[in-house]
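Beneath this line is the structure, given in structure tokens, with notes to follow.
Protein chains: 2
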Amino acid sequence: MRDSIVRKLLPLNLQFAICNYQFAILAVAFAFAVTASPARGDEGMWLFDNPPSKIFKERYNFEPGKAWYEKVQKAAVRINHGGSGSFVSPDGLVMTNHHVGAGALQQLSTKERDLLKEGFRAKTRAEELKCHDMEFAVLQSIEDVTAKINAAVPPEADAATAEKARRAAMNELERESSEKTGLRCDVVALYNGGLYHLYRFKKYTDVRLVFAPEQDIAFFGGDPDNFEYPRYDLDMCFFRVYEDGKPAETENYFSWNAAGPKENELVFVVGNPGHTDRLKTVAHLEYLRDQVLPDSLERLRRMELLFELFGERSKENARRAKGGQNGAANGRKARSGGLAGLQDPAVLARCEANERSFREAVMKNPQLRKACGDAWEDVEKSLAAWDAIYDEYDMLERGSGFHSRLFGIARTLVRLTAETPKPNAGRLREYRESNLDSLKQGLFSTAPIYKDLETVQLADSLGALVETLGFDNPTVQKVLAGKSPKARAAELIAGTRLDDVAVRKNLAAGGLAAVEASDDPLIQLALSLDPAAREVRKVYEQKVEEPQREAYAKIANARFALYGTDSYPDATFTLRLAFGTVKGYKVGNEVIPPWTTFAGLYERAAEHDNQPPFHLDERWFQRKSKLNLNTPFNFICTADVIGGNSGSPVIDRNAEIVGLVFDGNLDSLLWDFVFDDAQARTLAVHSAAIIEALRKVYDADELADEMLGKQ
Amino acid sequence: MRDSIVRKLLPLNLQFAICNYQFAILAVAFAFAVTASPARGDEGMWLFDNPPSKIFKERYNFEPGKAWYEKVQKAAVRINHGGSGSFVSPDGLVMTNHHVGAGALQQLSTKERDLLKEGFRAKTRAEELKCHDMEFAVLQSIEDVTAKINAAVPPEADAATAEKARRAAMNELERESSEKTGLRCDVVALYNGGLYHLYRFKKYTDVRLVFAPEQDIAFFGGDPDNFEYPRYDLDMCFFRVYEDGKPAETENYFSWNAAGPKENELVFVVGNPGHTDRLKTVAHLEYLRDQVLPDSLERLRRMELLFELFGERSKENARRAKGGQNGAANGRKARSGGLAGLQDPAVLARCEANERSFREAVMKNPQLRKACGDAWEDVEKSLAAWDAIYDEYDMLERGSGFHSRLFGIARTLVRLTAETPKPNAGRLREYRESNLDSLKQGLFSTAPIYKDLETVQLADSLGALVETLGFDNPTVQKVLAGKSPKARAAELIAGTRLDDVAVRKNLAAGGLAAVEASDDPLIQLALSLDPAAREVRKVYEQKVEEPQREAYAKIANARFALYGTDSYPDATFTLRLAFGTVKGYKVGNEVIPPWTTFAGLYERAAEHDNQPPFHLDERWFQRKSKLNLNTPFNFICTADVIGGNSGSPVIDRNAEIVGLVFDGNLDSLLWDFVFDDAQARTLAVHSAAIIEALRKVYDADELADEMLGKQ
């Protein structure tokens, strides 16, 4: 199982915290050399150590001081399975999206009590429910370690040597910093390798569920309205972080602005955008369009149907499959939108023109030409190397052929016990010393695993393995062991005992010897598969990743030389600051307003006879007369966000909460590879709607009072 | 648009009569040389001119006379869009499945009246509803024309010459016979080219809807129960054929046996199995497993989701998308089952062993070795030729890149006006003189076309075209005309006037000149695409189809020489006689009974809280006390059927109706390529259940009386 970094990249809305191996879907998005021009409009996912202060001052006459940045940084929360949040009280209360909390909600549910569907309210702190494996992190500091990392790589080193040296330097820097500070430390490559920053986080692992509305209102409109606007979603969820069994004291938190934003007001979004590819080459973009995205979409559709059909068999099946189904559906819609953008000749022409002018500028400058002239061809070569191992890497290493959480656990045990005896510098990245605590939190999670669902998932993905690598492939033959995919999956899942956390802990404690001696069929499968999987991973790291890192570093440096450093790097699931204004847009002659209201919610439900996915729970009708129907519900702004920003607070100049980001509209799906704010918008729940609903629909005055500081 | 032959191959259950171009899905199924042994158990889809009389006599002591066969043949109805039926009264009353009638039901529906969902009952003949484009056919005679067809092909002709000569001979034989008899005449290749038979049909085109239950009971259990047993489906629909505005007099019809069959009783199934591949080579089978089926499944999943997501947007959308969605879902489940079978190493090993022993016998016989020894390699070569053009043929000619009924109409107009001026002998098969009436019935059908649905279908399939052939492919570039797939589809569908039948008729009447002068964007697209599509079709016909026909003819002749002619050919959507006994089976220690009852239906609905897809309409509860709950509902038998047999009558020795075939169980999905009756079963609605439901749930005594001859 790759570490959680692979999951955080799920798109904005509905990135369920599914611990599915399969959810290690390729980080699919796009990029292109918009580098020839500085950021346009309200573009940018800016670093906290290089914020767009000049733009703030010139365009908005806003000069936040150092204290403003520091407070905002430390009141923001990263939800490590893939999302954002914020502290909204001094007592560790965290606000995020329902769809970010959905994984935790599902894990806390049983056949008798479906929290994902029905919602939850802790009336007192004693009733708050401890989650199985949530990890929240707060960024404490950033250090530029580019020189240190690059110094570790010998000059003229070949890619294999360079990759190993760089990995060793990163693993060790993280370990040292982690030991020194006691914080979670991650080295992150920015500008696809142009810069390396060391991020230090304070971690919270005792996370408790405080409040969630029912899914019908959190995801009102379902797939038809997903990534659309106007919208009517109360996509919120509240957790509280604990330390030593008590609510954590969080001095940095956002106060609440219950009035919300005005039209055209400047607002900010603080959060962790997962992945963009705005700085990649056109050839890279074309490879995403022609291979990566179609392949990813095919698997997402297959997965979506699989979950849906499993769910149709009974109410309990539906409950078990719901998270996976929503996640796959959301990914499918997001990627479809991205692919549609790349298939638009006009978009591609723009990318090509930008790249051309940038390359021409490089070629005219002898120094840059020498340093960077080959970089585009180097990227192309890396893509050819990727293409040669695409299916094998995807199936064997990324796990598309083994879509099962239990298989993921088996592989993690096999690798954990093989890697940890090695020196930290030489380990696979996810087994580096500084990551082990987080990795083990997932590995030993007590979250329920459903063998019936695991069986159909594994059967289907073994079928995909046969289809993709071919029936006669020796690895495939070894995996099937003379049986059909269906029979083999049934045998493997029925026979494994890895659903028992104690069994996992025993194997981990027993080390490689215990793992090798185990007769657990999934452990045996993971062991027998590991040489082939590691081999293809090595090829990927040395022939694809490392050459790309080197080529993009050259491109980034050329960009800095030509256009200066007033820019932002592609998204990397690290903390960023985006900004924009609250405003509507036009589609043809139609004016799309900047916000919707509760009244609109009831109208939309009525249009659809209150039938799913436009169904409102009974309580919304019972309380309708109490509600101020003119309360703004969802609003839009031009701030630049992407998947991973889900749950980000929208704040005003006073660093007070005015909204909660939960989605983008269809046009914003293009933001994966180019920013444009003609029609593309970020969607947020309005701060007034949150209070209104908490008080009048859910009777949750205790929560509203806490957020408003009225305790 | 290919002629209807491509659609008839949809799998057994739910082959909606969708006039979608896309439904020209590759005839996907399997076959292998089980030839080394004669038919096993109750195997066989036997020809009416070569029935298994010896087996009937020896195994069942049953000797039906010539009159029995003739009556049975002429009381059977072929439903030309893809299904079977039977006359059940002397007044032209035809019984078939709800899922066979579904296309007609949907076409007759409007936003206000959803017949597919709600059902329909004509209380009097005056209330019977005329269908838009149904064609029913009754087989009158069979003539062996093998010698004539083969004589037309010059000895030593190359494949291109042979293909043309064979096509000319078939087109002309059909035209001559058709002119002489006034009947619909089709030449059919049996044993994949070993024999050619000329079939003559009496055609009925004035077809009226008499009765259909609501879909909830016809398809009770939905996808979870599709291809499963025990089962509880009232999958029936009744039509009446008219001649000269009056009910047709049908002297050959089946009487009703209201008691139904006994356990272990011998029964017969008369109908039109669409396509099997039991006689194909192992290499062919592997190509189906590795390329054809996975590709087909990918498109079916994509289509299923597309319809479903479109349907989620509103109730009316759901109504419009329902037929396509059910058809795609059914195809997906059927093909998944088939592929799972082929991915089972045990199944493949059996196929290989059979082929090996057959080939060894051929090689030991010098004459056979000379005549047929190369045939297996020839099939392999044809598969390599197919593989080289697979995507292009699929996208451009079979229409996977243009999933739109309106585009299908455009292509048909372009080709109709180009082909009909040519001599009949040289035309593309579907434009042969004898097929024009049927082709025009579809082309000028008044069935509604929904532009909103057409737009999303075309956009999605243009996206698939880009993904499959590549963005830079010149044909793709021509199709997109500088726009994104979505924008191009919107422009094409908004701009076309082909949804107006009068426009189609004018263009057809105006001939090629009118078509070429038309500024209709879809006509222009079909015109510009036609050279490329025809070219790849020519390659397919000459390098794939014709070599296969020749190779399989050699294999068939070797088989006749070694094992005699007491055999049956692969299914070809022509009339066949199957037989078997009514019996249950064992799964492990569990005994699966030969039939279910109405009581079981209510129990299953209750298990699922009467929620879809296990929902029973209110009327079933209102009338429950009237029903005899012990009435058998669905039963199973070992008769050998496949997709296309849907709607076939199950009859007893007296040629009386005891049931109505509507599905097979999961194990029967293997019958595509090998028969086995350990657990595989054909599913039918029991004759007693039909009468009980008509009288007590639907108050349709007039219909029950007509079937029981009590008028």
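Keeping their order, the protein sequence lines are chains A and B.
Positions 1069 to 1779 (this note's numbering) are the ones given, in order, by the first sequence.
Positions 1069 to 1779 (this note's numbering) are the ones given, in order, by the second sequence.
For glycine and all other residues, C-beta sits at the position ideal for the given N, C-alpha and C.
Values in this document were obtained by computation on a predicted structure and should not be read as measured data.
Suppose you measure from the CA of residue i to the CA of residue j; what does that come to, to the nearest Å?
| i | j | result |
| --- | --- | --- |
| Leu1684 of chain B | Leu1751 of chain B | 21 Å |
| Leu1266 of chain A | Gly1392 of chain B | 54 Å |
| Tyr1355 of chain B | Leu1738 of chain A | 39 Å |
| Phe1130 of chain B | Phe1124 of chain B | 5 Å |
| Glu1333 of chain A | Phe1703 of chain A | 12 Å |
| Asp1520 of chain A | Phe1378 of chain A | 9 Å |
| Ser1425 of chain B | Arg1627 of chain B | 12 Å |
| Val1765 of chain B | Asp1291 of chain B | 24 Å |
| Glu1423 of chain A | Val1360 of chain A | 21 Å |
| Ser1152 of chain A | Phe1641 of chain A | 9 Å |
| Lys1142 of chain B | Asp1363 of chain B | 39 Å |
For residue i, which three-state DSSP category applies?
| i | result |
| --- | --- |
| Ile1704 of chain A | strand |
| Asp1254 of chain A | strand |
| Glu1658 of chain A | strand |
| Arg1418 of chain B | helix |
| Lys1191 of chain B | coil |
| Leu1566 of chain A | coil |
| Ala1557 of chain A | helix |
| Ser1513 of chain B | coil |
| Phe1307 of chain A | strand |
| Leu1368 of chain B | helix |
| Tyr1267 of chain A | strand |
| Ala1601 of chain A | helix |
Would you mind giving the Cβ-Cβ distance between residue i and residue j, rounded to the nearest angstrom? I have them listed as a contact below 8 Å.
| i | j | result |
| --- | --- | --- |
| Arg1369 of chain B | Arg1369 of chain A | 5 Å |
| Gly1289 of chain B | Phe1741 of chain B | Gly1289 of chain B to Phe1741 of chain B, Cβ: 26 Å. No contact. |
| Leu1566 of chain A | Ala1452 of chain A | The Cβ separation is near 38 Å, so there is no contact. |
| Tyr1461 of chain A | Leu1115 of chain A | With a Cβ gap of about 31 Å, Tyr1461 of chain A and Leu1115 of chain A do not count as contacting. |
| Ala1286 of chain B | Glu1614 of chain B | That pair is no contact at about 42 Å. |
| Thr1706 of chain B | Gly1109 of chain B | 7 Å |
How should residue i be labelled, buried or exposed, when 16 other C-beta atoms within 10 angstroms of its C-beta is the threshold for buried?
| i | result |
| --- | --- |
| Thr1523 of chain B | buried |
| Asn1713 of chain A | buried |
| Lys1554 of chain B | buried |
| Thr1192 of chain B | exposed |
| Gly1133 of chain B | exposed |
| Met1784 of chain A | There is simply no residue 1784 of chain A to check, as chain A begins at 1069 and stops at 1779 in what is shown. |
| Ser1693 of chain B | exposed |
| Phe1689 of chain B | exposed |
| Gly1715 of chain B | buried |
| Val1718 of chain B | buried |
| Arg1572 of chain B | buried |
| Asn1294 of chain B | buried |
| Pro1700 of chain B | buried |
| Asn1696 of chain B | exposed |
| Glu1311 of chain A | exposed |
| message | Tell me whether the stretch 1479 to 1488 of chain B and the stretch 1590 to 1607 of chain B touch, counting them as touching only if at least three CB pairs, one residue from each stretch, are closer than 8 Å. | response | Two segments are said to touch when three or more pairs of C-beta atoms, one from each, lie closer than 8 Å; by this definition the stretch 1479 to 1488 of chain B touches the stretch 1590 to 1607 of chain B.
| For the 8 Å Cβ check, are there 3 or more pairs between the stretch 1175 to 1194 of chain B and the stretch 1273 to 1285 of chain B? | Taking 8 Å as the limit for Cβ pairs, the verdict is that the stretch 1273 to 1285 of chain B does touch the stretch 1175 to 1194 of chain B.
| message | With three or more beta-carbon pairs closer than 8 Å as the criterion, would you say the stretch 1441 to 1455 of chain B touches the stretch 1607 to 1624 of chain B? | response | The answer is yes - the stretch 1607 to 1624 of chain B touches the stretch 1441 to 1455 of chain B, with three or more Cβ pairs under 8 Å.
| Is the number of C-beta pairs between the stretch 1159 to 1173 of chain A and the stretch 1651 to 1668 of chain A that are closer than 8 Å three or more? | Here the stretch 1159 to 1173 of chain A does not lie against the stretch 1651 to 1668 of chain A, with fewer than 3 beta-carbon pairs under 8 Å apart.
| query | Can we say the stretch 1754 to 1770 of chain A touches the stretch 1432 to 1443 of chain A, given the rule of at least three CB pairs closer than 8 Å? | reply | Between the stretch 1754 to 1770 of chain A and the stretch 1432 to 1443 of chain A there are fewer than three C-beta pairs closer than 8 Å, too few to call the two in contact.
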